[in-house]
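Chemist:
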Amino acid sequence: MIFFLIFLFYFSTAFCVFSLLYLIYEKLKKKDSFKGLLFFIIGFLFLFFSENRASNSIINEIIFDIRTGRLILEENNFITKSDLLTLQYSSQKHNFSKKTYGVTVLPTKDDLLFKKDITNGKYWLFYTKYFFSNKIAIGYIEKK
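Its first residue numbered -18, the sequence shown is counted upward by one per residue in this note's numbering.
(1) Relative to the alpha-carbon of L87, which residue among W105, E56, Y6 and T(-6) has its alpha-carbon at the smallest distance?
(2) Take the Cβ of F(-10) as the centre, count every other Cβ of all protein chains shown within 10 Å, and call the residue buried at 16 or more, exposed below.
(3) Between G120 and the rest of its own chain, which residues show a CB-CB distance below 6 angstroms, the 5 nearest in sequence each way excluded?
(4) Helix, strand or coil for S14, going by three-state DSSP, please let me know.
(5) Considering F(-8), what are the terminal residues of the alpha helix (DSSP H) in which it resides?
(6) Measuring straight from C-alpha to C-alpha, what distance separates K96 and T89?
(7) To test your reading of the DSSP string, which unbroken beta strand (DSSP E) runs of 3 or more residues are found completely within the region 63 to 118?
(8) So T(-6) and L28 are in contact, right, with Cβ under 8 angstroms, and what is the actual spacing, rounded?
(9) Excluding five sequence neighbours on each side, which residues of the same chain lie with their C-beta closer than 8 angstroms to the C-beta of I44?
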């Protein structure tokens, strides 16, 4: 399901770009731009829906795998299992600091990357298992 949502995200991103170009083309030709605007709005809605659902699905997978013991945090001084179980999804704006914290999960050897938000102290999560979550923060934790 996650791969389908990620595919839908990239497809809707491309659809938004092409519909925006079509909208500009209609404006330049002084045609009625209703069709281009409708395509753009539909693509934009699919874009937000697919990003939201993909991020939630990845977070649910991480939490489920940690609870069932399929993912085990490698020894680290940064994050605990209980911190990770409080992972929240949010699409709010984030301002990252330059420092990145990495935690490896076993047995897959994927990394959970955390970047601290300099404005509110949240740690934003990136998961290297999926290319989508390498580029987009899928959630955050608030360390105690």
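Quick reminder that beta carbons are idealized off the backbone N, C-alpha and C, glycines included.
A quick note: this is a predicted structure, and the numbers were derived from the prediction, not measured.
Modeler: So, from the data block:
(1) The candidate whose alpha carbon is nearest that of L87 is E56.
(2) Burial call: buried.
(3) Around G120: I40, L68, Q69, Y70 and L106.
(4) If DSSP states are grouped into helix, strand and coil, S14 belongs with coil.
(5) Looking at the DSSP string, the run of the alpha helix (DSSP H) that includes F(-8) is I(-17) to L9.
(6) Their Cα atoms are separated by approximately 21 angstroms.
(7) If one requires a minimum length of 3 residues, the beta strand (DSSP E) runs lying completely within the region 63 to 118 are 77 to 87, 91 to 98 and 104 to 108, in chain order.
(8) Yes, they are in contact, since the Cβ atoms of T(-6) and L28 sit about 6 angstroms apart, within 8 angstroms.
(9) Cβ neighbours of I44 beyond the five flanking positions: L65, L66 and L68.
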